[in-house]
Amino acid sequence: MSAYLICAFLIGVIAGLRSLTAPAAVSWAAWLGWLRLEGTPLAFLGYSATPYIFTVLAIGELIADQLPKTPSRKAPPGFIARIVMGALCGGAFAAHAGSLAVGACAGAVGAIVGTLGGYEVRAALARLFGRDLPAALLEDVVAIAGAFFLVSRG
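Okay, so the sequence shown: first residue is -7 according to my numbering, each after it adds one.
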């Protein structure tokens, strides 16, 4: 399996953890030239305003996730959003190789794995810590650091 498909899958996993962290990281990478998206249907990710928009949305998601009334990531709207964002970001990793659709599929699968696996890991950590906040913050760190690591390798 080629490296871009592994990255597409892994950025999908990140989208499964935090749906807007992945596109924020991918759009910054595109804007900085780390991911070459010019001439692809995903070129908009590299437009000058896109990283700022996704960053504001990602920060909002990080805050909202800490609120007690935030719905489960496994509820249909959140789950679907994670799959869509995983597909978008996975496609971005594979677009330069002409395999946008394959990368999108890998990203979508990664998002499913990240959503379900992230839920289980976070629940286990919350039980271990005796409360959810430390587990949620640890998940935030993993998502942000993982996204940065992936896009910096482009």
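Glycine is no exception: its CB is placed at the ideal position from the N, C-alpha and C atoms.
Asked                                                                                                                                                                                       : Found
Report yes if the C-beta distance between A98 and L29 is below 8 Å; otherwise report no.                                                                                                    : no
Taking three-plus beta-carbon pairs below 8 Å as touching, is the region 25 to 40 in contact with the region 106 to 121?                                                                    : no
Exposed or buried, what is S64 when buried is set at 16 or more other beta-carbons lying within 10 Å of its beta-carbon?                                                                    : exposed
Which term fits A115, buried or exposed, when burial requires 16 or more other beta carbons within 10 angstroms of its beta carbon?                                                         : exposed
Could you check whether the region 41 to 55 touches the region 105 to 114, counting it as contact only if at least three pairs of C-beta atoms, one from each stretch, sit closer than 8 Å? : no
Let me check understanding here. Comparing Cα to Cα, which of D132, G82, G109, A14 lies closest to K66?                                                                                     : G109
Return the CA-CA distance between P15 and F140, expressed in angstroms with no decimal places.                                                                                              : 11 Å
Run through DSSP, which three-state label would R123 get?                                                                                                                                   : coil
Alpha carbon to alpha carbon, how far is G70 from Y44?                                                                                                                                      : 22 Å
Assign L27 to buried or exposed, taking buried as 16 or more other Cβ atoms, counted over all protein chains shown, within 10 Å of its Cβ.                                                  : buried
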